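These notes are about the structure you will find just below.
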Amino acid sequence: MFDFAELAAWFADSTNWDGRYGLWFLLAEHLVLSLGAILLAAVVALPLGTLIGHTGKGEFAVIGLGSVSRAVPTMGLLFALVLLFGVEQRDLSLILALTAIAIPPLLAGTFSGISTIPWSIRDSATAQGMTGLQRIRHVELPLATPSIVGGFRIAFIHVVSTVVLAPLVGLGGLGFGIVQGLTVRNYAQVLASSLVIIATTVIGDQLLGWVQRRTGSRLVEHQTTEKS
Amino acid sequence: MDWLVANWAFVAQLTLTHLGIVIIPLIVGSVIAIAGARVVPTRWVPSTTAALGAVYAIPSLALFVTLPALIGTDFIGPTNVVIALSIYVVASMFFSARDAFNQVPTSTTTTATALGMSRLQLFLHVELPMAVPGLITGLRVVAASTVSMASIGAVVGVRNLGYLFVDGFQRRIPEEIITGIGAVFVIALVFDVGLWLVGRVLTPWRIRGDARV
Amino acid sequence: MKYARLAALALSVTAVLGVTGCSPAAEPAGEPIVIGSQQYYSNEIIAEAYALVLEDAGFTVERQFSLGQRDVYVPALVDGEIDLFPEYTGNLLQFFVPEATETAADDVYAALASSLPAGLTALAMSPASDQDSYNVTQDFASANGVASIGDLAGLGGLTLGGAPELAERPYGPTGLLATYGVTVEFSATGETTVDSLVAGIVDMANVYSADPRIQQLGLVTLADPLGLFLASNVVPIASDAVNADARALIDAVSAAMSAEDLVALNVRSVDEKLSAAVIARDWLVAEGLLE
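Protein chains in written order, with my numbering: chain A, 1 to 228; chain B, 1001 to 1213; chain C, 2001 to 2291.
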């Protein structure tokens, strides 16, 4: 099947870690691109999701966007944007594509987190004299945090996966090892690169999952008593 | 869209291949996930969920190129991609299936057992039908992502709609890429609506106006 | 009623597993000649030309195009899953013999023919070639007075664009330094290589010699007097399943295709956006190889 000694040797070889196309740089590049796009998406999605969840208006748009976005092929989107904006702007195209991919889960997570807060809680906040903004800040957002983090988790997975395809449009990222390795028959490189990608995604996902559980305890009791 | 008009037969051919690549994982993956969700002992559920969650996080291209090393599939051909997609379906459907089964009221299952149903009868006649709404919802979600994920198979030589992206980019033909995006989207939509219809047909006892899942 | 649903489910699962069991690579014992191609529109056109002449002569042909990389399809060729494949002498020789030193067209062909695994034969090579070549923009060539790769030796800060694997190729950055004393920084531009060259993102780029954009964009192909690049002519690789009659037909196609023809076919693909089948058919008819 596979020669794991070869794989270990590949990791042990320092030339595979150094330089523009070495693992360190590619990993950093991959993370910077991913996190940058997610932050950009959050700037758009979090306020929007909060607004829609708070007011209840525009619900259909969010749900519709959610289903629609799952069906859009990321590779096609990336290639189309690069052709649209030109090769000189391919970094911009990648960021745009990534942001477009990150917005739906963040939006859904935020919206869902706020809209599922029982009205009894929201009403009692208003009854206590909170303004809308105060309600958002002190009640809705804190209670919605686990769901929002859940949105970040999904966004993270999708964005990191898409950056893997970046070498196909002449950009970097961890996918480089796969694309180059396949052509030069360096299976150790292909496997090593994919393992690093997998480790990055899984670690990031588990980290966010831990954050999600840490912020999640408050609403659970309420919800189980609401459902009968 | 002259390009589409000139090449529609070819696009139709790619669409058929794409459907084939997608349907098998959806069916096989769902069956495994549904059976697994029912059969896995409760004490193993947290670790299974965690493991499947980790698997689901793996980027598709990475999984496509890792599987050959793990299970000896060839890089070439649909087999590798079909297995990888099935794994994703299992990972995703497992959660949906567990949720769906958990929503079946215990009062109903207890009554059925009291009436003398065996475990298998209970599963087939009570639990499964009542879990259908939840299962259909889960299936709709996973179908959409599977359809779009399958296009990445073009990078490892599977001649489906993803080919339109690669060739369109290589030859700088935007209409070809957009046709590909449109076709994938339409297929995902067809699955979505189709599954919704299947759900309605399979659950005739639900009164209209019932709480939407 | 419920049992009927279970039965239907079981039947469909069995059917599906049965279908999955039949891997598409397993052929029924018999005739169809399986023709493969790379994920390269130009290569597809050539493969389609083979397919069309064979079908016209009564052979059953199965097309398995866009197979991706050599590591992916060469094993299939060796195993007999694929019977015929349009390849390029130099690149394929380097695949089998990475340390090959031959560079002239005939030497490369001879070396390739003798290094193919058992069961595979290199049919007659075509005058048409499609090989790696280093190119710069017209402006760059004029401004720096370069006409051959060696002229770059004095220039500093050069960036080279190309597919990701170029970094590892013997004619890549290491070969440039060793053969011509040219130092470059590599940038993996992949499918965006030509655009990156034109946009000035890279100074020089590896562009396939049959790429129509070399002429269309007025790129200057640098001369390679020291033979850094191997000559790479189009050559059909055939398994034993391809009989003498079929081979004769393929040979006719190879002989008819000149280097200019190949470029012209590529131009049609990129400019007129036609499919490989249409372009191949038109060319075959024009050459009198097809009715």
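Even for Gly, the Cβ is constructed at its ideal location relative to N, Cα and C.
Treat the numbers as computed from the prediction; the structure is a model and nothing was measured.
Cβ atoms of residue j and residue i: under 9 Å apart, would you say?
i         : j         : result
C:Leu2155 : C:Gly2172 : no
C:Ala2105 : C:Ala2255 : no
B:Ala1054 : A:Gln206  : yes
B:Ile1152 : B:Pro1078 : no
B:Leu1164 : B:Thr1179 : yes
C:Val2078 : C:Leu2289 : no
A:His30   : A:Gly173  : yes
A:Leu165  : B:Val1065 : no
C:Val2207 : C:Leu2219 : yes
A:Pro167  : A:Val179  : yes
A:Val82   : A:Leu65   : no
A:Ser147  : A:Ser112  : yes
C:Arg2070 : C:Ser2037 : no
B:Ala1033 : B:Met1093 : yes
A:Gly102  : A:Ala37   : At residue 102 of chain A the sequence reads Ala, which differs from the Gly that was named. Their beta carbons are under 9 Å apart, which means A:Ala102 touches A:Ala37 by this criterion.
C:Gly2162 : C:Ala2231 : no
C:Ala2286 : C:Glu2048 : no
C:Pro2075 : B:Asp1167 : no
A:Thr110  : A:Gly151  : yes
B:Ser1096 : B:Leu1067 : no
A:Asn186  : C:Glu2168 : yes
C:Ile2045 : C:Ala2246 : no
C:Gly2090 : C:Thr2101 : no
Residue i lies in the alpha helix (DSSP H); which residues open and close that run?
i         : result
C:Gln2064 : Run containing C:Gln2064: none in the alpha helix (DSSP H); it sits in the beta strand (DSSP E), Val2061 to Gln2064.
C:Asn2135 : First-last for C:Asn2135: Tyr2134 to Val2136, but that is the beta strand (DSSP E), not the alpha helix (DSSP H).
A:Asn186  : Counting along the chain, A:Asn186 falls outside any alpha helix (DSSP H), and DSSP gives it neither H nor E.
B:Met1117 : Note, B:Met1117: premise wrong, no alpha helix (DSSP H); not H, not E.
B:Val1022 : Asp1002 to Val1039
B:Ile1071 : Ser1060 to Ile1071
A:Gly76   : Thr74 to Phe85
B:Val1141 : Leu1128 to Ala1150
B:Phe1123 : Per DSSP, B:Phe1123 belongs to no alpha helix (DSSP H) and is neither H nor E.
C:Asn2043 : Tyr2041 to Asp2056
C:Leu2265 : Ala2259 to Asp2271
C:Leu2284 : Ala2276 to Ala2286
C:Ser2254 : Ala2244 to Ala2256
B:Ala1154 : No alpha helix (DSSP H) holds B:Ala1154; DSSP gives it neither H nor E.
C:Phe2229 : Element bounds for C:Phe2229: n/a, residue is neither H nor E.
B:Arg1200 : Pro1174 to Leu1202
Looking at the secondary structure, which residues open and close the beta strand (DSSP E) in which residue i lies?
i         : result
C:Tyr2171 : Unbroken run through C:Tyr2171: none, as it is neither H nor E.
C:Pro2236 : Val2234 to Ser2239
C:Thr2121 : Leu2120 to Ala2122
A:Gly216  : Run containing A:Gly216: none; DSSP gives neither H nor E here.
C:Val2034 : Ile2033 to Gly2036
Taking the alpha-carbon of residue i as reference, which of the options has the nearest alpha-carbon?
i         : options                                       : result
A:Ile52   : A:Val211, A:Gly132 and A:Ser193               : A:Gly132
B:Leu1128 : B:Val1193, B:Gly1199, B:Ile1024 and B:Leu1014 : B:Gly1199
B:His1018 : B:Val1081, B:Ala1050 and B:Asp1002            : B:Val1081
A:Val62   : A:Pro73, A:Gly49, A:Thr74 and A:Ala71         : A:Gly49
B:Leu1061 : A:Gly175, A:Trp210, A:Asp13 and A:Ala37       : A:Gly175
A:Ser124  : A:Arg135, A:Thr200, A:Ile114 and A:Val196     : A:Arg135
B:Val1104 : B:Pro1046, B:Val1126 and B:Val1045            : B:Val1126
A:Arg20   : C:Ala2248, C:Ser2187, C:Ala2264 and C:Gln2039 : C:Ser2187
A:Asp91   : A:Thr200, A:Ile198, A:Gly150 and A:Ser34      : A:Ser34
B:Ala1006 : B:Gly1194, B:Glu1176, B:Ile1181 and B:Trp1205 : B:Glu1176
C:Arg2268 : C:Asp2211, C:Ile2250 and C:Ala2252            : C:Asp2211
C:Gly2181 : C:Ser2275, C:Ala2163, C:Ser2196 and C:Leu2158 : C:Leu2158
C:Asp2195 : A:Tyr187, A:Gly170 and A:Gly216               : A:Gly170
A:Gly177  : A:Phe25, A:Thr201 and A:Pro104                : A:Phe25
C:Thr2221 : C:Phe2140, C:Ala2167, C:Ala2057 and C:Pro2117 : C:Phe2140
A:Arg122  : A:Phe85, A:Ser69 and A:Arg137                 : A:Arg137
B:Val1186 : B:Ala1012, B:Trp1003 and B:Arg1159            : B:Ala1012
Return the Cβ separation of residue i and residue j in integer angstroms, given the expectation that the two are a contact with Cβ distance under 8 Å.
i         : j         : result
C:Leu2093 : C:Ser2126 : Their Cβ separation, rounded to whole angstroms, is 16 Å, which puts C:Leu2093 and C:Ser2126 out of contact at 8 Å.
A:Phe156  : A:Gly204  : 5 Å
C:Tyr2088 : C:Val2242 : Not a contact, Cβ separation roughly 19 Å.
Only counting runs of 4 or more residues, tell me where the alpha helix (DSSP H) segments fall wholly within the region 2066-2101 of chain C, in order along the chain. List check, alpha helix (DSSP H) in window: 2070-2079 and 2089-2096.
Taking the runs of the alpha helix (DSSP H) that are 4 residues or longer, which of them lie wholly in the region 87-141 of chain A? Taking only runs of at least 4 residues, the alpha helix (DSSP H) segments lying wholly in the region 87-141 of chain A are 90-115, 119-127 and 132-135.
Could you tell me which uninterrupted alpha helix (DSSP H) segments, each at least 4 residues in length, are contained entirely in the region 2134-2213 of chain C, listed from first to last along the chain? Here the runs fully enclosed are 2138-2144 and 2193-2199.
Segments of 3+ residues assigned as beta strand (DSSP E) that fall wholly inside the region 1073-1111 of chain B: Listed in chain order, nothing qualifies, since the region 1073-1111 of chain B has no complete beta strand (DSSP E) run of 3 or more residues.
Please give the ranges of any alpha helix (DSSP H) in the region 7-70 of chain A, keeping only runs that are unbroken, at least 4 residues long and fully inside the region. Qualifying alpha helix (DSSP H) stretches, in chain order: 23-55 and 59-70.
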